[in-house]
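Take 93 as the starting number for the sequence shown in the working numbering and just add one per residue. The C-beta atom is built at its ideal place from N, Cα and C for all residues, glycine as well. Only one structure is covered here, and it is reproduced in the block below.
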Amino acid sequence: MALAPPSYCFVAFPPRAKDGLVVFGKNSARPRDEVQEIVYFSAADHEPESKAECTYISIDQVPRTHAIVISRPAWLWGAEMGANEHGVCIANEAINAREPAAETEALLGMDLVRNGHSELDIPVKRSWPKEGFSKIRI
93 MALAPPSYCF
103 VAFPPRAKDG
113 LVVFGKNSAR
123 PRDEVQEIVY
133 FSAADHEPES
143 KAECTYISID
153 QVPRTHAIVI
163 SRPAWLWGAE
173 MGANEHGVCI
183 ANEAINAREP
193 AAETEALLGM
203 DLVRNGHSEL
213 DIPVKRSWPK
223 EGFSKIRI
């Protein structure tokens, strides 16, 4: 497979984005010839003690998952980026750790991104000041 460029995320807040919208985007650092899907999953209720089948492992399923739209490599369960019905947007970014990874199978960062979209309903709810995001301290 061909090497991919670095991955970058961006967010544009008013007044840089028109009509009071917040714009969220990301390029994918996945290999250029790897298929990326844009997939919609409806909100759903889940049975008690059911499992979510992630890329390599299963985890406990939450009682209700939100409707989501995600971009993901076709072969895995997780997500490169996406948004949910509550306006929560999350993207995957690589980090470099100082400790070596364990040899056991675990959740991928992209699995955590999809879980976040499915479970979180806490977008930032505030009015943007006329001066823009530079005047907001979070």
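How about residue i and residue j: are their beta carbons less than 7 Å apart?
| i | j | result |
| --- | --- | --- |
| Gly143 | Ser150 | The question names Gly, but residue 143 is Lys in the sequence shown. Yes; because the gap between Cβ atoms is below 7 Å, this pair is in contact. |
| His209 | Gly174 | yes |
| Ala159 | Glu177 | yes |
Please tell me whether residue i has its Cβ less than 7 Å away from any Cβ of chain C.
| i | result |
| --- | --- |
| Trp169 | Absence of chain C from the displayed structure is noted, only one protein chain being present. |
State the DSSP-derived secondary structure class of residue i, mapped to helix, strand or coil.
| i | result |
| --- | --- |
| Glu129 | strand |
| Asp111 | helix |
| Val154 | coil |
| Asp203 | helix |
| Glu211 | helix |
| Phe105 | coil |
| Ala121 | coil |
| Glu141 | coil |
| Ala136 | strand |
If you count every other CB in all the chains shown that lies within 10 Å of the CB of residue i, and 16 or more means buried, which is it?
| i | result |
| --- | --- |
| Arg206 | buried |
| Ile214 | exposed |
| Ile162 | buried |
| Asp203 | buried |
>> Report the start-end ranges of each beta strand (DSSP E) in the region 157 to 196 that is 3 residues or longer and not cut off at the edges.
In response: Runs found: 160 to 165, 173 to 176 and 181 to 183.
>> Assess contact between the region 190 to 199 and the region 171 to 182, defined as three or more Cβ pairs (one per stretch) separated by less than 8 Å. Is contact present?
In response: Contact between the region 190 to 199 and the region 171 to 182 is absent, with fewer than three C-beta pairs closer than 8 Å.
> Within the chosen definition, does the region 150 to 167 reach the region 186 to 196 through at least 3 CB pairs nearer than 8 Å?
Replying inline: At 8 Å Cβ cutoff, the stretches do not touch.
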